[in-house]
Amino acid sequence: MTEKLLRVGTIYIPVKNVKESAHWYVGNLGAKLNYEDEDKAILDLANQSFFLVKSPDNESANFMDTKGAKRFSLTFEVDGESALRELQKDLQNRGVTVGDIEDRGHAGNNFVFSDPDGNLFDVWSELSPSFKTNRA
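For the sequence shown, the working numbering begins at -12 and goes up steadily by one.
As structure tokens, this is what we get:
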């Protein structure tokens, strides 16, 4: 069977305050703001389109796994261990809630951070080979 879905085009993130969240993503993650109104902001981030959508206070992109741990639904990639450590330190210096670097038993290492609305995101030190090839 040939692959039917070619890429993820848009990711939707629930936020309480669109303007404040858009400012946070631009200032802390280097996102580019393309559009903003009272209900949504559209950002370019990590070669994806992100919609920050105004949502009730109790909404998030997180979920609980079967062991009762709150989990992220998205992993960003950086190019190598030093880039991972640099990003973690930069986010910490900006006051972002950042977890420890973890060895999860697979190639590379990871850490988790959260946005002001408590949406969790993972960062992995291994850049996908197909993306690395397309970058060159």
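Yeah, the Cβ is synthetic: ideal placement off N, Cα and C, and Gly gets one too.
For S101, the three-state secondary structure derived from DSSP is strand.
Using a Cβ distance threshold of 7 Å, L16 and F59 do not count as a contacting pair. Excluding sequence positions up to five before and after L20, its CB lies within less than 7 Å of the CB of A9, V13, A28 and L30, all in the same chain and listed in chain order. For the pair G95 and S112, the CB atoms are nearer than the 7 Å cut-off.
Bounds of the beta strand (DSSP E) holding N21 are K19 to E23.
The residues K57, R58 and S60, in chain order, have a CB closer than 8 Å to that of F50 in the same chain once the five nearest residues on each side in sequence are set aside.
By the Cβ-count criterion, N80 is exposed, with fewer than 16 other Cβ atoms from all chains shown falling within 10 Å of its own Cβ.
Taken through DSSP and simplified to helix, strand or coil, K6 comes out as helix.
Between the C-alpha atoms of I0 and E23 there is a straight-line separation of about 14 Å. Taking the CA atoms as reference points, L(-7) sits about 13 Å from Q35.
Between F100 and V110 a beta carbon distance of about 7 Å is seen, short of the 8 Å cut, so the two are scored as contacting.
Across the structure, E68 and L39 are spaced so that their CA atoms are roughly 29 Å apart.
Burial is judged here by how many other beta carbons sit within 10 angstroms of a residue's own beta carbon; V(-5) has fewer than 16 and is exposed.
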